[in-house]
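Below you'll find the structure, written out as structure tokens, and then a few comments.
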Amino acid sequence: MNILANDGISPSGEQALREAGHTLYTDFVEADQLESFIHTKDIHGILVRSATKVRQPLIDACPSLKFIGRGGVGMDNIDVEYARNQGLTVFNTPAASSQSVAELVMGHFFSLARFQHDSNRQMPTRGCDEFKTLNKAYGKGTELRGKTLGIVGFGRIGRSLASYALGCGMKVVAHDPFVTDGKVNVQVADQTLTVDCPRLDLNELLASADMVSVHVPAQADGSAVIGPSELGVMKHGAFLVNAARGGSVDEDALLAALESGHLAGAGLDVFVGEPTPRADVLAHNKLALTPHIGAATSEAQDRIGLELAAQIEALA
Ligand SMILES: NC(=O)c1ccc[n+]([C@@H]2O[C@H](COP(=O)([O-])OP(=O)(O)OC[C@H]3O[C@@H](n4cnc5c(N)ncnc54)[C@H](O)[C@@H]3O)[C@@H](O)[C@H]2O)c1
């Protein structure tokens, strides 16, 4: 088959597809050129991450397409139902990146608890002349051990994060109205411990957690899961991380909670309006920021590439 991997694919995935005899194109094709590229190269399948959108008009215009593969989790950049109704196979790699996202979130919490995100901004310009001032400014850090982490959305990433947090000695509580248990496997050396995390109502969780992390899919109505009233319930001085979707946490309400001092800090890996997030979010000194890199590790990309190749083989 002729396959276009428009947002790239790992070397291992590329190798697996070429060895299986497929012709693979990996150079990025701009949105307005996609239709003609797919026609010219007689493309049978398109692989995307989050950047390339595969919408109804492209699907209608390209009858050669037999499948759409999404390397990653959320498929909000693809008209999935429409494509399936037209007979296309649409698949993703839901589990491949959970561990990488969870590790990034732990990194945000470690950073926030010791003000590293701000210290890294200030030290290059002020570290020489104002060392003692900065020492004082960042001298009231906290440890993660013993603190309560509230996880909103207890699916693959939520549970992977829970296993890291439990391993660090944190207590974990979860909110997810759609799951029936709070079980998490924690790997310690060659042993696996199963911990049953308490499941709480959202407000109970927000009121009891020192740190909150959001791991829900984009909501059907586009609404934020954490908005002004939810932030209002959170503990004074708590930390919040959003590595789910831009808008899962209301950015206006978050900035207000940081400005008022209600929240001590927050970490964002995802933003409203990507790839051009708002400037006041990027400039805020209480925000730890990463540019949507939750799944961007070589291990996750390897798993994604190999899983995509395996799913394409299963189609043949
Ligand atoms: N930052 C990144 O690079 C990155 C990478 C991968 C995934 N993600 C995002 O992470 C999110 C979670 O991914 P996942 O693999 O854990 O998905 P998942 O489907 O395994 O888990 C999501 C969980 O959220 C729950 N949920 C849905 N609506 C909820 C609500 N209103 N309140 C509480 N719980 C709710 C579901 O029941 C489910 O258990 C997705 O939005 C995905 O797009 C981000």
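The opening position of the sequence shown corresponds to residue 0 in numbering that gives the first Met the number 0, with each subsequent residue numbered one higher. Yeah, the Cβ is synthetic: ideal placement off N, Cα and C, and Gly gets one too.
Run through the DSSP bridge pairs and tell me what Val232 is partnered with.
According to DSSP, Val232 bridges with nothing at all.
Quick one: measure Cβ to Cβ for Leu46 and Leu254, integer angstroms, because I've assumed they're closer than 8 Å.
That belief does not hold up - the Cβ atoms of Leu46 and Leu254 are roughly 36 Å apart, past 8 Å.
Please classify Glu80: is it buried, with 16 or more other beta-carbons within 10 angstroms of its beta-carbon, or exposed?
By the 10 Å Cβ count, Glu80 comes out exposed.
In terms of residue numbering, what span does the alpha helix (DSSP H) encompassing Val100 cover?
Where Val100 is concerned, the enclosing alpha helix (DSSP H) stretches over Ser97 to Ala112.
Please classify Phe27 as buried or exposed, where buried requires at least 16 neighbouring CB atoms within 10 angstroms.
A residue is called buried once 16 or more other Cβ atoms fall within 10 Å of its Cβ, and Phe27, having fewer, is exposed.
Would you report the Cα separation of Leu33 and Met169, rounded to the nearest angstrom?
Taking the straight line joining both Cα atoms gives about 48 Å.
Taking all protein chains shown into account, do 16 or more other C-beta atoms lie within 10 angstroms of the C-beta of Thr92, making it buried, or fewer, making it exposed?
With 16 or more other Cβ atoms within 10 Å, it is buried.
Could you have a look at His116 and say whether DSSP puts it in helix, strand or coil?
DSSP places His116 in helix when its eight states are reduced to three.
Start and end residues, beta strand (DSSP E) containing Leu192
Counting along the chain, the unbroken beta strand (DSSP E) around Leu192 starts and ends at Gln190 to Asp195.
Cα separation between Ala161 and Gly266?
A straight line joining the alpha-carbon of Ala161 with that of Gly266 spans about 17 Å.
So, do the stretch 238–248 and the stretch 210–218 have three or more beta carbon pairs nearer to each other than 8 Å?
In short, these stretches touch, since the Cβ pair count reaches three.
Range of the contiguous alpha helix (DSSP H) that encloses Ile303
Element bounds for Ile303: Ser297 to Leu314.
Return yes when the C-beta of Phe36 is under 6 Å from any heavy atom of ligand 1, and no when it is not.
Checking every heavy atom of ligand 1 against the Cβ of Phe36, none is found closer than 6 Å.
Output yes or no for whether 7 Å exceeds the beta carbon distance between Ala256 and Ser99.
No, the pair does not count as a contact, with Cβ atoms beyond the cut-off.
State the DSSP-derived secondary structure class of Met210, mapped to helix, strand or coil.
It is a strand residue.
Candidates Asn134, Lys131 and Glu142: closest to Gly106 by CA position
The shortest C-alpha separation from Gly106 is found at Glu142.
Using 10 angstroms around the beta-carbon of Phe177, count the other beta-carbons present and answer buried if the total reaches 16, otherwise exposed.
Exposed is the label assigned to Phe177, since fewer than 16 other Cβ atoms lie within 10 Å of its Cβ.
Need the endpoints of the beta strand (DSSP E) that Tyr24 sits in, please.
Start and end: Thr22 to Tyr24.
Go ahead and label Asp117 buried or exposed: buried means 16 or more other beta carbons lie within 10 angstroms of its beta carbon, across all protein chains shown.
By the neighbour-count criterion, in which a residue is buried when 16 or more other Cβ atoms sit within 10 angstroms of its Cβ, Asp117 is buried.
Beta-carbon within less than 7 Å of His235's beta-carbon, same chain only, minus the 5 sequence neighbours each way: which residues are those?
Taken in chain order, the residues that qualify are His261.
contact_flag[the stretch 183–193, the stretch 221–229] where n(CB pairs < 8 Å) is 3 or more
Segments in contact, no.
Any chance the CB of Arg277 is under 6 Å from a heavy atom of ligand 1?
The answer is no for Arg277.
Can you tell me whether Cys196 is buried or exposed? The criterion is at least 16 other CB atoms within 10 Å of its CB, across all chains shown.
So Cys196 counts as buried.
Under the three-state DSSP convention, the category Arg198 falls into:
Three-state result, Arg198: strand.
Apart from the five residues just before and just after Asn184, which ones in its own chain have a Cβ nearer than 6 Å to its Cβ?
Counting only Cβ-Cβ distances below 6 Å, and skipping sequence neighbours, we find Thr191 and Thr193.
Figure out for me which residue from Ser63, Ser49 and Glu18 has the closest Cα to the Cα of Arg36.
The identity of residue 36 in the sequence shown is Phe, whereas the question assumes Arg. Nearest to Phe36 by alpha-carbon distance, out of Ser63, Ser49 and Glu18, is Ser63.
Taking DSSP's pairing of strands, which residues face Val269 in a bridge?
Its beta-bridge partners do not exist; DSSP assigns none.
Check whether the Cβ atoms of Ile58 and Leu3 lie closer than 7 Å to each other.
The answer is no: Cβ separation not under 7 Å.
Based on Cα-Cα distance, which residue from Thr132, Cys61 and Leu111 lies nearest to Thr386?
Residue 386 lies beyond the range of the chain shown here (0 to 315); nothing can be said about it.
When you compare only the Cα positions, how much space is there between Val269 and Ala50?
Rounded to the nearest whole angstrom, the CA to CA distance from Val269 to Ala50 is 13 Å.
Distance, Ala287 Cα to Arg83 Cα
When rounded, the distance between both Cα atoms is 39 Å.
Helix, strand or coil at Val280 [DSSP, three-state]
It is helical.
Which residues share a DSSP beta bridge with Asn1?
Per DSSP, Thr22.
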